[in-house]
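Asks: Dumping the structure here so I can ask a few things about it.
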Amino acid sequence: MTKSERHRRMRGRNYALVAVLFSLVILFFVVTLVKLGSN
Amino acid sequence: MTDTSIGTAAEGTSARVVDFVALLKPRVMSLVLFSGLAGLLVAPGELHPVLAFVALLCIAVGAGASGAINMWYEHDIDRLMSRTKLRPIPQGRIDPATALGFGVALAVAAVVVMGLVVNFVAAGVLALTIGFYVFVYTMWLKRRTPQNIVIGGAAGAFPPVVGWTAVTGDVTVVPLLLFAIIFLWTPPHFWALALYRSADYARAGVPMMPVVAGAAATKRQMLLYTLLLAPAALSPWLIGFSGWLYGAGVAVLSAAFIGHVVLVLRDTTHAAARRMFGFSILYLFLLFALLVVDHFVVAG
Chain A
60 MTKSERHRRM RGRNYALVAV LFSLVILFFV VTLVKLGSN
Chain B
174 MTDTSIGTAA EGTSARVVDF VALLKPRVMS LVLFSGLAGL LVAPGELHPV LAFVALLCIA
234 VGAGASGAIN MWYEHDIDRL MSRTKLRPIP QGRIDPATAL GFGVALAVAA VVVMGLVVNF
294 VAAGVLALTI GFYVFVYTMW LKRRTPQNIV IGGAAGAFPP VVGWTAVTGD VTVVPLLLFA
354 IIFLWTPPHF WALALYRSAD YARAGVPMMP VVAGAAATKR QMLLYTLLLA PAALSPWLIG
414 FSGWLYGAGV AVLSAAFIGH VVLVLRDTTH AAARRMFGFS ILYLFLLFAL LVVDHFVVAG
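In structure tokens, the structure reads:
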């Protein structure tokens with residue numbers, strides 16, 4: 060595998076991780092609102 | 174290292190995002206998720222849609238985590254079977270330790286989030302499901318006994334129970350019936366696959382029923398489990414939980430399932446087993462779809 064190909068795959072994994080983490084932030088924020096609203 | 178190298182240790186940098194997705198066994202996950210969704214939808218009580226989404230996410234992630242840990246443990250035999258040799262670990266795109274870490278992290282996260290966001294009973298059943306699949310099925314039974322998928326099938330039968338307990342917080346008769354349906358469905362489903370993949374399993378040293386007892390004995394046991402499955406599948410209707418739509422639909426589906434087994438019994442090639450394997454997946458999808466539709470349209 061070439062260096063540029065390895066970097067491309069690493070970049071792809073990093074973008075995916077950012078997307079997952081950002082989605083979790085949004086999800087836990089919404090869950091907090093729901094939990095607070097039910098009390 | 175090249176992309177085409179098989180069985181070499183990965184450097185951890187060649188994995189693509191799709192390889193990590195493949196570790197989660199997305200096709201298995203879809204059936205797990207669907208049965209979990211059905212359990213959640215037909216359970217009595219209310220669950221906020223956001224919390225229901227989190228519960229389903231935890232079921233999906235838990236199932237995926239089990240798949241990743243399973244691929245870590247079985248990478249030595251996966252490289253020997255044509256069905257599994259293209260998986261990321263045998264192909265050298267993900268190293269086993271990375272897969273294990275990925276699976277364990279997801280499993281812990283799924284159980285903890287389920288407990289904190291939904292309820293601790295659902296989290297407990299989810300943890301039991303993952304533990305059963307990893308320790309009982311994968312590590313203990315699979316390489317030791319032809320009853321591996323009979324007992325291990327319990328792991329695949331838990332998701333509707335998890336979905337149900339996410340709403341109710343307890344386990345009653347109906348989720349146990351849903352458990353029984355998948356439990357009895359698993360042997361004919363898996364043995365249909367094992368019949369036409371028996372050479373693969375034999376090469377890997379996995380004592381699947383057709384490898385140990387032969388095709389004829391396997392087919393007789395498939396018929397037995399399918400005959401037991403039919404009344405179990407009808408049980409939600411028999412106890413009055415589901416209405417006529419579910420009862421009639423499942424009666425037709427079960428008759429077709431029995432018909433497929435009879436064809437497998439008479440078949441000397443693997444064509445009928447292949448058809449039956451495909452139909453068995455459709456059977457379970459339609460059964461749970463009928464359960465949900467009946468619940469909202471007829472019984473509800």
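Protein chains in written order, with my numbering: chain A, 60 to 98; chain B, 174 to 473. Glycine included, every Cβ here is placed at the ideal spot set by N, Cα and C.
#1: Residues of the region 76-92 of chain A in Cβ contact with chain B at a cutoff of 8 Å, in chain order, please.
#2: Starting from B/Leu220, trace the alpha helix (DSSP H) both ways and give me its first and last residue.
#3: Of all the residues that make up the region 233-262 of chain B, which are near chain A by a beta-carbon distance shorter than 8 Å?
#4: In angstroms, rounded to a whole number, what distance separates the CA positions of B/Leu196 and B/Val466?
#5: A/Arg72 versus chain B: which residues are under 8 Å apart at the beta carbon?
#6: With a CB to CB cut of under 6 Å and the five nearest residues on each side skipped, what residues in its chain are close to B/Trp337?
#7: Check whether the region 222-240 of chain B and the region 327-336 of chain B are in contact - that is, three or more C-beta pairs closer than 8 Å.
#8: To which residues of the same chain is B/Leu407 closer than 8 Å at the C-beta, ignoring the five residues directly before and after it?
#9: For chain A, find out if any of its Cβ atoms is closer than 8 Å to the Cβ of B/Ala183; answer yes or no.
#10: Would you say A/Gly71 and B/Arg266 are within 8 Å of each other, going by their C-beta atoms?
#11: Beta-carbon within less than 8 Å of B/Arg410's beta-carbon, same chain only, minus the 5 sequence neighbours each way: which residues are those?
#12: Ignore the nearest five residues each way along the sequence and tell me which others in B/Leu438's own chain have a CB closer than 6 Å to its CB.
#13: Alpha carbon to alpha carbon, what distance is there between B/Phe430 and B/Tyr456?
#14: Please classify B/Arg404: is it buried, with 16 or more other beta-carbons within 10 angstroms of its beta-carbon, or exposed?
#15: Helix, strand or coil for B/Ser187 per DSSP?
Replies: Reading off the structure:
#1: Leu86, Val89 and Val90
#2: First-last for B/Leu220: undefined, no H or E at that position.
#3: none
#4: 32 Å
#5: Ala188, Arg189, Val190 and Phe193
#6: Gly212, Ala216 and Pro348
#7: yes
#8: Gly420, Val423, Ala424 and Ser427
#9: Low per-residue confidence applies at B/Ala183: pLDDT is 44, beneath 50, and the placement is therefore not dependable, though the value from the model is reported in the following sentence. Chain A contact via Cβ: absent.
#10: no
#11: The question names Arg, but residue 410 of chain B is Trp in the sequence shown. Gly416, Trp417, Tyr419, Gly420 and Val423.
#12: Lys392
#13: 8 Å
#14: The identity of residue 404 of chain B in the sequence shown is Pro, whereas the question assumes Arg. By the 10 Å Cβ count, B/Pro404 comes out exposed.
#15: coil
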